[in-house]
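One structure below.
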Amino acid sequence: MPRSPRLALPLLTSIVVAAGLGSAGDARAATCADYPNQAAAQRAKDTRDADGDGIYCESLPCPCSTATAGGSASPRPSTSGRRRVLGLGVPVLLGPRRKRTGCRARGPLPEPDCSPGAYYPKATLAKICVTGYTARVRRVSSATQQKVYAAYGIGRHLEGQYEIDHLVPLELGGSNSIANLFPEAARPRPGYHEKDQVENAAHDTACARRRPLRALQRQIARDWTTLR
40 MPRSPRLALP LLTSIVVAAG LGSAGDARAA TCADYPNQAA AQRAKDTRDA
90 DGDGIYCESL PCPCSTATAG GSASPRPSTS GRRRVLGLGV PVLLGPRRKR
140 TGCRARGPLP EPDCSPGAYY PKATLAKICV TGYTARVRRV SSATQQKVYA
190 AYGIGRHLEG QYEIDHLVPL ELGGSNSIAN LFPEAARPRP GYHEKDQVEN
240 AAHDTACARR RPLRALQRQI ARDWTTLR
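If you want it as structure tokens, here you go:
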């Protein structure tokens, strides 16, 4: 008699389990706590990539790495100007902040070298999707706002003409770091009023788990006008 196809199920299950491990012969998938830093976890690639961006254990301390760097360690980033917010960690910049003066906006977008965007690594969906989150973490002083205006060469402005905006919005886990702030005009459109609408829609998308949080953060930092 032909062998029952059900007998192949244990073998198939074994193959699937083995494929999900970081290396052949592992008895289980590791956890982030098994590694001393993020770069080590990135090299192993046997933990759960919670947000699906190809970067493992982003909550671990540096040396860090990126998915495109193939797991190679990079120096511990400077925390200058990136204050830790209780429970959210030190902000992670989405690019280098090369300039602090002479910045120029590109229409509704900031200059990337001045305002590359930044997010809190521990601002998870479980936190940002709770009503009242942004009010609890919003901490941008008047002095910081003046520094942002000065960086972009804005000495005087009318009330309502500009808003010091978070490039990666707080409701998407954005940070209060000056690297995540820029003076956004109301006119011409699209301006900060339109960006508010985009931010609300992106927050709903993230909390409904229709798109990974990290992907939304990167796109809104790159060009928020393309986010739909």
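Residues in the sequence shown are numbered from 40 upward in steps of one, following this note's numbering. Here a beta-carbon is modelled for each residue, glycine too, at the ideal position from N, C-alpha and C.
#1: Let me make sure I understand the geometry here. Which of 73, 172, 151 has the alpha-carbon closest to that of residue 159?
#2: Is the separation between the beta-carbon of residue 265 and that of residue 147 shorter than 9 Å?
#3: My parser needs the beta strand (DSSP E) runs of 3 or more residues fully inside the stretch 187-261; what are they?
#4: To which residues of the same chain is residue 202 closer than 6 Å at the C-beta, ignoring the five residues directly before and after it?
#5: Roughly how many whole angstroms lie between the Cα atoms of residue 239 and residue 246?
#6: With the cut-off set at 9 Å, would you say residue 198 and residue 241 are in Cβ contact?
#7: From the DSSP output, read off the bridge partner residues of residue 145.
#8: Start and end of the alpha helix (DSSP H) containing residue 159?
#9: In this structure, how does DSSP classify residue 131 when only helix, strand and coil are distinguished?
#10: Using the rule of at least 16 other Cβ atoms within 10 Å of the residue's Cβ for burial, across every protein chain shown, is residue 205 buried or exposed?
So, from the listed chains and residues:
#1: Ranking the options by Cα distance to residue 159, first place goes to 172.
#2: Against a cut-off of 9 Å, the Cβ pair of residue 147 and residue 265 comes out as no contact.
#3: As summarised for the stretch 187-261, the continuous beta strand (DSSP E) elements at least 3 residues long and confined to that stretch are 201-205, 220-224, given in chain order.
#4: Excluding five sequence positions before and after residue 202, the CB atoms of its chain that fall closer than 6 Å to its own CB belong to 223, 231, given in chain order.
#5: Each residue's alpha carbon lies about 11 Å from the other.
#6: No, the pair does not count as a contact, with Cβ atoms beyond the cut-off.
#7: Beta-bridge pairing by DSSP links residue 145 to 148.
#8: Neither: residue 159 is in no alpha helix (DSSP H) and is coded neither H nor E.
#9: Strand at residue 131.
#10: Residue 205 is buried by the Cβ-count criterion.
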